[in-house]
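So the protein lines, in turn, are chains A and B.
Going by this note's numbering, the residue at position 296 of the first sequence is 296; the numbering climbs one at a time, nothing skipped.
Adding 345 to a residue's 1-based position in the second sequence gives its number in this note's numbering.
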Amino acid sequence: MSTLDLFPSREAGQFGRRLKRPRGTRIPVYVVTGFLGAGKTTLVREFLNTPEGHGTAMVVNEFGTVGIDDALVRASADETVLLGNGCVCCNTRSDLQVALRGLVADRERGAIPHFQRIVIETSGLADPGPILQTFVSDRALGGEFHVEAAITLVDSVSAQETLHWSVEARKQVILADRLVVTKTDLASLPKIELLKDRLTDLNRHAAIETAVNGVIDPRRLFADRNGEGVAEERNTFVAEAAHSDGIGSFVWTETAPIAWDLYVRTMETLTALRGPDLLRVKGFVNVEGCAGPVVVQGVQHLMHPPVELQTWPDADRATRVVFITRNVPEQAVRDLFAAVRALAA
Amino acid sequence: MPASEAICSNFKLLAHHELGGFGGMGEGMAVQVAKDGRRIIWLAHESAPKNFTAVDVSDPCSPKMVVQTDLPQSFMRSNSLELTGDILAVAYQCQKVGQKPAGFELFDVSVPEKPKSIAFFDCSGPNSRGVHQLWFCDGEYVHMGAGAPDFKPTHPQDDQFYRCVDVRNPSKPVEVGRWWLPGTREGDNTPPPARHKAPALDRGNRAHNTNVYKQRPDRLYLAYIDAGMFIMDISDKANPKPIARWDNSPPYTGFTHTLVPLFERNLLIMTDESTADEAKDWPKLIWVLDGRDETNPVPIATCPLPPHETYAHRGGRFGAHNIFENTPSPHAWFSDQVIVGTFFNGGLRAYDISNPYQPKEAAVFVPEAPRGSPAGAIQLNDVFIDERAVVYTVDRFSGGLYILEMDF
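Here it is, written out as structure tokens:
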């Protein structure tokens with residue numbers, strides 16, 4: 001029994017009110033990652049100084065050195081929360097949850113200026129996976145916040161080397177929605193092109209932005225892009241498995257509408273069997289009986305409640321879901337869908 | 346929060362028009378698509394010297410003023426208007442009883458640049474200030490909160506009651522029905538109703554919004570200021586009968602303003618109006634009522650107000666007022682999931698009522714103080730949404746028209 005049974009509405013679909021965009025009314029969160037020295041603070045500070053940067057609350061995480069970056073951004077951000085010493089993906093995840101809840105509570109009671117987006121600047125060592133998971137696993141946070149984009153900055157001078165030795169750096173690239181190659185004025189063009197090839201190998205779904213002469217308009221990065229990264233990509237399971245820790249990505253596509261029950265049963269089976277290896281799942285599902293696409297998002301065994309959009313963003317009506325997995329190939333997922341469909345038939 | 350600070354969250358501002366320096370707007374907004382295809386929004390002014398203004402909003406990003414008319418007397422205000430097809434009905438209220446002209450006027454606006462008067466319906470009288478609000482959505486009847494020459498109230502504040510006027514022949518409007526709260530007319534065999542004790546809060550037992558919808562042409566959704574709200578049976582227009590009444594005051598501070606039914610959802614949305622500066626009548630709210638039994642509406646929630654401490658002293662009024670009323674017009678939006686309302690210095694706010702027990706703020710627009718506003722802060726007064734989902738909202742003093750897009 002739901003409130004829709006008492007108060008039915010033709011406007012509501014099976015997933016409730018149809019939304020204009022995936023985040024609906026939730027507060028957009030931009031997670032900025034990048035290895036030490038990649039230029040995160042510079043980029044964020046430049047964004048805060050633009051008119052579009054007005055109304056931004058910052059959450060800054062420092063690892064080892066307390067307060068240096070915070071001192072840089074506090075002057076311009078409407079509200080800055082500095083998390084304690086420690087990496088945001090590890091022992092301060094609960095701090096992150098507390099900080100985000102505190103920001104919303106303070107905003108609602110008028111204790112801080114109204115903000116309309118949050119930028120989380122992680123420490124260089126952070127694995128973004130657990131941060132992204134926080135927004136799926138914490139019901140209250142997931143209802144209030146929407147990760148609009150994970151933005152990873154990559155330093156063109158030293159990134160090749162860093163990507164070679166650091167698992168965290170690779171995961172920052174693999175899990176990103178937007179990649180930014182920085183310090184291009186300090187590296188040769190061939191070196192930059194080699195780096196971009198490497199980034200594309202690791203993550204074909206993220207848009208790669210390149211700073212020109214070391215400069216990039218930050219407004220390009222902190223903007224809503226409805227359904228980015230799931231529109232046109234193909235299967236790109238990472239070829240260099242030895243250097244990618246078995247992590248790869250692919251786009252599961254289906255042209256015919258899918259019964260929602262079938263999707264749910266398949267995903268329940270998949271998460272029960274391989275939940276820890278589903279690093280990120282996101283995309284549009286063409287669900288039977290729905291006018292717009294149903295937005296699905298998940299991290300590991302946790303799936304965010306689905307939402308239906310009012311309209312498709314383009315002419316393509318195909319289901320397309322990006323899977324970023326560890327040693328779970330596309331064929332295994334396709335086979336699972338086929339098996340569940342056969343059982344249901 | 347300083348009045349110079351602006352908030353725009355989940356709305357997108359498309360355009361702002363100051364209406365030629367006469368940006369003090371009332372609570373009448375209606376959209377016409379003219380024969381030449383132009384989309385025109387008609388706006389009532391809050392007070393003299395202007396009567397109404399038409400703005401071409403075919404391109405909502407580039408509004409252009411089409412016409413702006415003057416009132417014949419400085420003591421008049423038009424405040425309310427509605428439009429069906431090419432016929433515009435405009436309410437006229439005077440500052441004092443006995444002043445003229447007080448009533449409503451019908452205009453042919455088939456050529457928007459040249460509104461042509463068709464008829465004037467006189468409501469003036471020794472105890473009447475005229476018409477405060479009217480509803481004209483079916484092309485046949487004007488429903489209104491009005492005084493009348495033959496109506497002597499038991500209290501001067503109770504001079505406006507429900508009247509229904511047949512305008513099927515627009516050149517000869519004829520009253521077909523009326524209803525007033527028993528006890529508010531001299532000669533009633535019921536004692537006069539109780540009044541709010543604080544004089545500043547005694548705003549009258551009188552009609553405000555008088556909404557009728559095509560889904561239930563036999564029902565009138567009547568807001569009656571200090572007497573709460575009524576659901577009325579108007580199947581016999583000559584003899585309206587109350588079906589239900591609900592009044593939140595006391596303990597609240599009165600001024601029931603609008604009652605909107607959400608038919609399929611069996612819900613009712615009711616608003617108060619804040620009328621005192623500095624939020625002295627706080628809290629003024631949007632209420633959600635369970636309307637499954639129309640004889641017994643039950644309040645189940647209110648839409649969360651922004652913080653008192655942030656807005657009360659920002660300048661002017663703070664609290665609920667008009668909401669978009671699902672106006673039965675081919676050029677109006679419809680939603681029973683989202684409520685959009687104006688809150689004076691609290692700006693424009695949208696609420697998601699998918700779960701009517703827990704309305705949730707969905708979007709906020711609080712522009713900075715308009716130039717020349719005596720309140721020193723925005724005072725958003727009314728809102729209309731067209732079928733393209735373009736949102737129009739107006740300032741009460743000087744800001745004029747703001748055009749927005751819902752982004753959620």
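We put the CB at the ideal spot given by N, CA and C, even for glycine.
Predicted model, so just to flag it, every value in this text is computed and none were measured.
Pair within 8 Å by beta-carbon distance, residue i and residue j
i, j, result
"K282(A)", "V251(A)", "no"
"D404(B)", "I385(B)", "no"
"R326(A)", "I247(A)", "yes"
"N556(B)", "G573(B)", "no"
"L279(A)", "I324(A)", "yes"
"V735(B)", "E750(B)", "yes"
"P628(B)", "L613(B)", "no"
"P562(B)", "A646(B)", "no"
"I432(B)", "P515(B)", "yes"
"A722(B)", "A348(B)", "yes"
"C406(B)", "F420(B)", "no"
Paired residues, beta bridge with residue i - DSSP
i, result
"G475(B)", "Q438(B)"
"G654(B)", "First, the residue type needs correcting, since residue 654(B) is Glu and not Gly in the sequence shown. Bridge partners of E654(B): none, in fact."
"D727(B)", "V739(B)"
"A677(B)", "Beta-bridge pairing links A677(B) to no other residue."
"T210(A)", "V181(A)"
"A150(A)", "V31(A)"
"P644(B)", "L634(B)"
"G490(B)", "Q478(B) and Y507(B)"
"G248(A)", "T325(A)"
"C468(B)", "Answer is none; C468(B) lacks a bridge partner."
"S156(A)", "The partner list for S156(A) (beta bridge, DSSP) is empty, contrary to what the question assumes."
"S462(B)", "F452(B)"
"A695(B)", "V685(B) and A708(B)"
"G366(B)", "DSSP, once it has assigned bridges, lists no residue as partnering G366(B)."
"C353(B)", "F710(B)"
"T253(A)", "R320(A)"
Enclosing beta strand (DSSP E) for residue i [first to last residue]
i, result
"D635(B)", "I631 to D635"
"L426(B)", "L426 to T429"
"V31(A)", "I27 to G34"
"L565(B)", "R561 to A568"
"P587(B)", "K586 to W591"
"V376(B)", "M370 to V378"
"E121(A)", "R117 to E121"
"F337(A)", "First-last for F337(A): E330 to A344, but that is the alpha helix (DSSP H), not the beta strand (DSSP E)."
"T398(B)", "K395 to D401"
"Y702(B)", "Where Y702(B) is concerned, there is no enclosing beta strand (DSSP E), given that its DSSP letter is neither H nor E."
"W615(B)", "According to the sequence shown, residue 615(B) is Met rather than Trp. L612 to D617 is the span of the beta strand (DSSP E), which, as asked, contains M615(B)."
"L279(A)", "L278 to V285"
Residue i - containing alpha helix (DSSP H), residue span
i, result
"I192(A)", "L189 to L202"
"W165(A)", "A159 to W165"
"G129(A)", "P128 to S137"
"E391(A)", "This structure leaves residue 391(A) out entirely; chain A is present only between 1 and 345."
"R265(A)", "W260 to R274"
Closest residue to residue i among the options (Cα-Cα distance)
i, options, result
"A379(B)", "R523(B), D697(B) and P675(B)", "P675(B)"
"Y30(A)", "F222(A), A259(A) and G142(A)", "F222(A)"
"G528(B)", "D453(B), N550(B) and G686(B)", "N550(B)"
"A436(B)", "V442(B), A447(B) and G661(B)", "A447(B)"
"L43(A)", "V180(A), D201(A), A339(A) and L4(A)", "V180(A)"
"A99(A)", "L141(A), R109(A) and S123(A)", "L141(A)"
"N584(B)", "G745(B), D431(B) and Y507(B)", "Y507(B)"
"F575(B)", "N534(B), P606(B), D547(B) and E531(B)", "P606(B)"
"V685(B)", "N667(B), T672(B), E372(B) and P673(B)", "N667(B)"
"R733(B)", "D533(B), Q440(B), W678(B) and H553(B)", "W678(B)"
"R23(A)", "S580(B), N355(B), M374(B) and Q377(B)", "N355(B)"
"A493(B)", "Y566(B), D504(B), D483(B) and T499(B)", "D504(B)"
Residue i beta carbon near the ligand NAD (any heavy atom closer than 7 Å)
i, result
"D483(B)", "Ligands in the displayed structure: none, and consequently the ligand NAD is not present."
8 Å Cβ cutoff, residue i in contact with chain E
i, result
"G102(A)", "Among the chains of the structure shown, chain E does not appear; the protein chains present are A and B."
**OP:** Decide if the segment 148-160 of chain A is in contact with the segment 310-327 of chain A; the criterion is three or more beta carbon pairs, one per stretch, under 8 Å apart.
**Re:** no
Original post:
Is the segment 417-429 of chain B touching the segment 462-480 of chain B, taking contact as three or more C-beta pairs under 8 Å?
Top reply: yes
Original post:
With contact counted as at least three CB pairs below 8 Å, one residue from each stretch, are the segment 49-59 of chain A and the segment 126-133 of chain A in contact?
Top reply: no
Original post:
Should the segment 700-713 of chain B be regarded as contacting the segment 596-603 of chain B, the criterion being three or more beta carbon pairs within less than 8 Å?
Top reply: no
Original post:
Is the segment 270-279 of chain A touching the segment 297-304 of chain A in the sense that three or more CB pairs, one from each, lie closer than 8 Å?
Top reply: yes
Original post:
For the segment 362-374 of chain B against the segment 406-413 of chain B, are there 3 or more C-beta pairs whose distance is under 8 Å?
Top reply: yes
Original post:
With contact counted as at least three CB pairs below 8 Å, one residue from each stretch, are the segment 721-729 of chain B and the segment 687-698 of chain B in contact?
Top reply: yes
**OP:** Determine, using beta-carbon pairs with one atom in the segment 285-300 of chain A and one in the segment 9-20 of chain A, whether at least three such pairs fall under 8 Å.
**Re:** yes
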